[in-house]
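Protein sequences appear in the order of chains X and C. Residue numbers for the first sequence follow numbering that gives the first Met the number 0, so the first one is 0 and each next one is one higher. Residue numbers for the second sequence follow numbering that gives the first Met the number 0, so the first one is 0 and each next one is one higher. Accompanying notes for the structure given below.
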Amino acid sequence: MQQIINFIIRNKSFLLYLLLFSIAIVFTIQSHSYHKSRFINSANFLSGGIYKSVNDVNEYVNLKTQNEILQEENSALRSLLFNQTDSINRTFIDSSFSGISYKFSPAIVLKNSYSLSNNVLLINKGKKDSIHQDFGVISSKGIVGIIDHTSKKYATVISILNTNSRISAKLKNSNHFGSLVWNTESPEFIQLTEIPKVAPIKKGDTIVTSGRSTIFPKNIPIGVIDSYNLDVAKNYYTVHIKLFNDMTSIEHVYVIENKDAEELNTLINNTDE
Amino acid sequence: MNSIIFTHTFRFIILALLQVLVLNYINFLGFINPYLYILFILLYPLKNNRVVFILLSFLLGLTIDMFSDSGGVHAAASVTIAFIRPFILKFSFGAVYDHQTMKFANVEFGSKLTYIAILTFIHHFILFSLEIFNFSKIILILQNTLFSSIFTIILCVLTTIIFSRRN
Chain X
0 MQQIINFIIR
10 NKSFLLYLLL
20 FSIAIVFTIQ
30 SHSYHKSRFI
40 NSANFLSGGI
50 YKSVNDVNEY
60 VNLKTQNEIL
70 QEENSALRSL
80 LFNQTDSINR
90 TFIDSSFSGI
100 SYKFSPAIVL
110 KNSYSLSNNV
120 LLINKGKKDS
130 IHQDFGVISS
140 KGIVGIIDHT
150 SKKYATVISI
160 LNTNSRISAK
170 LKNSNHFGSL
180 VWNTESPEFI
190 QLTEIPKVAP
200 IKKGDTIVTS
210 GRSTIFPKNI
220 PIGVIDSYNL
230 DVAKNYYTVH
240 IKLFNDMTSI
250 EHVYVIENKD
260 AEELNTLINN
270 TDE
Chain C
0 MNSIIFTHTF
10 RFIILALLQV
20 LVLNYINFLG
30 FINPYLYILF
40 ILLYPLKNNR
50 VVFILLSFLL
60 GLTIDMFSDS
70 GGVHAAASVT
80 IAFIRPFILK
90 FSFGAVYDHQ
100 TMKFANVEFG
110 SKLTYIAILT
120 FIHHFILFSL
130 EIFNFSKIIL
140 ILQNTLFSSI
150 FTIILCVLTT
160 IIFSRRN
């Protein structure tokens, strides 16, 4: 017993180092698995508060460009509003999703990152604004990510530029779907994998969300095809997509809540069993 | 004694804030960021309580992690260089360090550069290995380590020169 205690005292700094190093490794591993509860994230009052006060200043610098983006979106929405008669007269109604009600709430990005391999954003809405895990986040130009952790006033968003994120997407004109992954090389490009070989793809085709998950509604724009190649087994295409969104400059985003998500999920889980 | 504690608390906070609010957004050439906060670990007093020093380094790394949502990669890298610092000190300064008389302000520039460079490389290598977490991308890890280390070393040396007190 005496010897054990002596050993511990003699090597206390080494043992302390081992302990702290393993704690850090555990945190790291947790951060690599999607949705594990994490203690260390930026959606807490300290880092959230600091980022918010810095963002209050930064907002003024970007005010002009952000205004232009919002104005662009406004004009697009306005043109929809005044051209409504066309869509009412159309006989085709997207029946599969007509019952789903999506609720959009605006939010502001407090912290954005795009140079790491697992990028996370921080937004200024949290549990208080009834934002919860697995809500989708989009900007006026396209998708941004999925809500991960929430605190009272803030929430972290797993960006699409994150090696852990998998979002279902499809070709706009042919409905062939695959999943979006990121190869960490450039924040402007993202990869769409598992597109079957028979799918007709061309450079410049538009990629949109597939609406297969309960997170994003159908037909939210993602980007256009920049290049594509067959995978090793020659069965699936890997498509490089140029994003519509400039992920390096995002300020105003919308959080999408799918009011029927719970019902849909229970239904899908029951069918699986 | 109190002034030393004050200086280092101040340095801890300033370096952490500088790192998370400014340096994390530099993204030179798209991916190169300096990690200047390790200056706190590099310049920590030589006569120290090793346990407290390791704990402080862990805390500093964890603070950076909390702000940049990176799990525990900075904490792991910081605590490692804090642990191996005495060995690197002995390696780069040799006899001067053994006699316990050295001060960072009056050692020769060459050995100081070796000291900063070795610790920075080790820190960045652990940092990027854990962040990328995929040994098939070893080239990417080494490339990030090399470029970011050069950036960090230049900034560290400049900062120590600018803020050194002339006697």
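Every residue, glycine too, gets a C-beta built ideally from N, C-alpha and C. Given the structure is predicted, the values throughout are model-derived calculations rather than measurements.
Chain X within 9 Å of residue i, Cβ atoms only
| i | result |
| --- | --- |
| phenylalanine 30 (chain C) | yes |
| arginine 49 (chain C) | yes |
| glycine 93 (chain C) | no |
| serine 67 (chain C) | yes |
| phenylalanine 124 (chain C) | no |
| leucine 112 (chain C) | no |
| phenylalanine 146 (chain C) | no |
| isoleucine 157 (chain C) | It should be noted that the sequence gives leucine, not isoleucine, for residue 157 (chain C). Not closer than 9 Å to any Cβ of chain X, the Cβ of leucine 157 (chain C) fails to qualify, so no. |
| phenylalanine 57 (chain C) | yes |
| isoleucine 13 (chain C) | no |
| glycine 60 (chain C) | yes |
| leucine 154 (chain C) | no |
| leucine 35 (chain C) | no |
| leucine 141 (chain C) | no |
| leucine 16 (chain C) | yes |
| asparagine 1 (chain C) | no |
| asparagine 23 (chain C) | yes |
CB contact below 9 Å: residue i versus chain C
| i | result |
| --- | --- |
| leucine 121 (chain X) | yes |
| serine 97 (chain X) | Any reading at serine 97 (chain X) needs caution, since the residue's pLDDT is 49, under 50, leaving its predicted position unreliable; the model's value is listed next. No, because no Cβ of chain C sits closer than 9 Å to the Cβ of serine 97 (chain X). |
| glutamine 2 (chain X) | no |
| isoleucine 13 (chain X) | A quick correction: the sequence has phenylalanine, not isoleucine, at residue 13 (chain X). True, the Cβ-Cβ gap to chain C drops below 9 Å. |
| threonine 183 (chain X) | yes |
| valine 108 (chain X) | no |
| serine 150 (chain X) | no |
| asparagine 117 (chain X) | yes |
| tyrosine 59 (chain X) | no |
| isoleucine 130 (chain X) | no |
| asparagine 5 (chain X) | no |
| asparagine 268 (chain X) | no |
| asparagine 172 (chain X) | no |
| asparagine 244 (chain X) | no |
| asparagine 234 (chain X) | no |
| proline 220 (chain X) | no |
| isoleucine 92 (chain X) | Its pLDDT being 47, under 50, isoleucine 92 (chain X) is placed unreliably in this model, and the coordinates cannot settle the point. |
Interface residues of chain X facing residue i [CB-CB closer than 7 Å]
| i | result |
| --- | --- |
| isoleucine 40 (chain C) | Here the premise fails: no neighbours, minimum Cβ distance about 13 Å. |
| leucine 129 (chain C) | Thr27 |
| isoleucine 53 (chain C) | Ser12, Leu15, Tyr16 and Leu19 |
| phenylalanine 86 (chain C) | Near phenylalanine 86 (chain C) there are no residues of chain X at all, since even the closest Cβ is about 12 Å away, more than 7 Å. |
Chain X residues whose Cβ lies nearer than 8 Å to that of residue i
| i | result |
| --- | --- |
| threonine 79 (chain C) | Tyr16 and Phe20 |
| leucine 20 (chain C) | Ile49 and Val53 |
| phenylalanine 150 (chain C) | Under the 8 Å cutoff, chain X gives no residues; its nearest Cβ is about 13 Å from phenylalanine 150 (chain C). |
For residue i, three-class secondary structure by DSSP
| i | result |
| --- | --- |
| leucine 28 (chain C) | coil |
| asparagine 244 (chain X) | coil |
| serine 178 (chain X) | strand |
| alanine 168 (chain X) | strand |
| leucine 229 (chain X) | strand |
| glutamate 262 (chain X) | helix |
| tyrosine 43 (chain C) | coil |
| glycine 222 (chain X) | strand |
| alanine 42 (chain X) | coil |
| alanine 23 (chain X) | helix |
| asparagine 48 (chain C) | coil |
| serine 104 (chain X) | strand |
| proline 186 (chain X) | coil |
| serine 74 (chain X) | helix |
| valine 53 (chain X) | helix |
| serine 135 (chain C) | helix |
| valine 252 (chain X) | strand |
| leucine 14 (chain C) | helix |
| leucine 257 (chain X) | One point to set straight first is that residue 257 (chain X) is asparagine, not leucine, in the sequence displayed. Three-state DSSP puts asparagine 257 (chain X) in a strand. |
| isoleucine 125 (chain C) | helix |
| glutamate 193 (chain X) | strand |
Contact list for residue i against chain C, beta-carbon separation under 8 Å
| i | result |
| --- | --- |
| isoleucine 24 (chain X) | Gly71, Ala75 and Leu129 |
| threonine 155 (chain X) | Asp68 |
| asparagine 40 (chain X) | Met65 and Asp68 |
Interface partners of residue i on chain C, CB under 9 Å
| i | result |
| --- | --- |
| histidine 31 (chain X) | Gly70 and Phe132 |
Chain C contact residues for residue i, given Cβ-Cβ distances below 7 Å
| i | result |
| --- | --- |
| serine 46 (chain X) | Met65 and Phe66 |
| serine 114 (chain X) | Asn26, Gly29, Phe30 and Asn32 |
Amino acids of chain X, ordered along the chain, whose beta-carbon sits closer than 9 Å to that of residue i
| i | result |
| --- | --- |
| phenylalanine 9 (chain C) | Per Cβ cutoff of 9 Å: no residues; phenylalanine 9 (chain C) is ~17 Å from chain X at best. |
Chain B contact for residue i (CB, 9 Å cutoff)
| i | result |
| --- | --- |
| asparagine 43 (chain X) | No chain B is present in this structure, whose protein chains are X and C. |
Sequence ranges, beta strand (DSSP E) only - wholly within the region 114-152 of chain X, length at least 3: 117-122, 135-137 and 142-149
Alpha helix (DSSP H) segments (min. 4 residues) lying fully within the region 63-100 of chain C: 72-92 and 94-97
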